[in-house]
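Numbering-wise, the sequence shown is residues 2 to 343 according to this note's numbering. Don't be surprised by glycine CBs; every beta carbon is placed ideally from N, CA and C.
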Amino acid sequence: MRPTGSEPARGRHAGAPEMHPSSPIPVMGDGAGLGAAIRRTLGDTDLSVFPLALGSSVFGWTAQVDASAAILNRYYDFGGNFIDTADSYSAGRSEHIIGQWMSRRRNRDDIVLATKIGNHPDNPGLGPVAMVRAVEASLERLQTDHIDLLYFHLDDRSVPLEDTLGTAQWLIESGKVRYLGASNFSAERLVEARILSAAGYPRIEALETHYSLLHRQPFEGDLGLVSRGQGLGVMPYFGLENGFLTGKYRSRADLDGSTRAARVARHLNRNGLRVLNALDAVAAEHNAPVASIALAWLLAKAGVVAPVASASRPEQVDALVGATAIRLTRAQVVELERAARA
């Protein structure tokens, strides 16, 4: 599909001063706790988001309806407004739970809602028909008429990028989608997408990528250079490495009964434990949970707007949100990175 020539609305007016996507913006409000303190602008958009996105991959899986609602309430009551989901999470159940919650709270206008398409087992890929079907289904489950940020969940190389972006153009012009993001794209494909945007296709404004103290490539290579050069808002996922960087798992015995055992076990080695020891030391200096420090390290990185992190219980939200109030010193950043490299 070819673009019609019109462009989606942009967040900054012509002549407005440039602002890096990770620049904090003070906001006023009555929200309880830390969330009333800051917002960050996402890419070249008018989306103003809390610097910790609440992931929802556990909704409908390890967290059922009531627990998921309690987690959402806890995050929202802290001032959180950025919710991340996908049509493939629990085969759409995650989106359904979020839609029910927003309907009950009547807070859709307060929420920046991000979802991902292209990886649902019953409707895979980023071809035009699959994309339209996916968005329509997500809108129904989420009980909304628009998606603030639509991610391509993966890079579908079987479909020309022009067709994917052309379909996204139609979705934007129809009012169903506001802005686009890419998940799991390479630096090369981001460059290709930006070249196409110069020809009139819609721009990718955000990137989701795996990034943590224990997984620093490819973001600290070409991917980070390209994303910063394009002014993308970066949302790292797996910043806590499936819970390992919370400090909960320090021996094989700690994995007993865990649904995350297979993923966490690979970090139970000399390198992983050395990083945990460094996190322990910095956490003690801030009187903060280990998880907060691991996320604060991400927030200190150029280009990062909001790490995506999930909770299985409401009380776990506190450590996630707490990261947004922590400012690591340069020495602390160096200490953590030295442990991760050694």
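G234 (DSSP reduced to helix, strand or coil): strand
Do the region 272-286 and the region 178-186 make contact, defined as three or more Cβ pairs closer than 8 angstroms? no
Use the C-beta contact count for E286: other C-beta atoms within 10 angstroms, 16 or more gives buried, fewer gives exposed. exposed
Distance, V130 Cα to V335 Cα: 48 angstroms
Would you kindly report the start and end of the unbroken alpha helix (DSSP H) that includes I98? 94-106
Near A71, which residues of its chain fall below 7 angstroms by C-beta distance, leaving aside the five closest residues on each side in sequence? P315
Compare the Cα-Cα distances from S313 to each of I39, F60, L337, G304 and report the closest residue. F60
Are the beta-carbon atoms of A320 and A292 separated by less than 8 angstroms? yes
Using the Cβ count rule (16 or more neighbours within 10 Å means buried), how would you classify S95? buried
Kindly indicate which three-state DSSP category A183 falls into: helix, strand or coil? strand
Bridge partners of K177, per DSSP? Beta-bridge pairing links K177 to no other residue.
If we count the other Cβ atoms within 10 Å of its Cβ and call it buried at 16 or more, is T325 buried or exposed? buried
Based on the DSSP output, what are the partners of D281 in its beta bridges? Answer is none; D281 lacks a bridge partner.
Measure the alpha-carbon distance for I327 versus N288 and round it to whole angstroms. 10 angstroms
Assign Q170 to one of two classes, buried (16 or more other C-beta atoms within 10 Å of its C-beta) or exposed (fewer than that). buried
Considering Cα atoms alone, identify which of A284, L214, R251 is closest to L302. This sequence places Lys at residue 302; Leu is not what is there. Closest option to K302, Cα to Cα, is L214.
Using only alpha-carbon positions, find the residue among E163, L150, T330, G167 that is nearest to G44. L150
Just the C-alpha distance for S91 and V322, rounded to the nearest angstrom, thanks. 24 angstroms
Taking contact to mean 3 or more Cβ pairs, one atom from each stretch, closer than 8 angstroms, check whether the region 101-114 and the region 122-139 are in contact. no
Over the uninterrupted beta strand (DSSP E) stretch that includes G1, give me the two end residues. Because the chain spans 2 through 343 in this model, residue 1 falls outside it and cannot be assessed.
Where does V227 fall in DSSP's three states? helix
Measure how close the beta-carbons of L233 and I196 come, nearest whole angstrom, since I'm counting them as under 8 angstroms. Not quite, the Cβ-Cβ distance comes to about 15 angstroms (not below 8 angstroms), so this is no contact.
Let me confirm a value: Q218 is counted as buried when at least 16 other C-beta atoms fall within 10 Å, else exposed. Which label applies? exposed
Is I196 helix, strand or coil when you go by DSSP? helix
Quick one, are the C-beta atoms of G201 and P308 less than 8 angstroms apart? no
Would you mind giving the Cβ-Cβ distance between D223 and A188, rounded to the nearest angstrom? I have them listed as a contact below 8 angstroms. 4 angstroms
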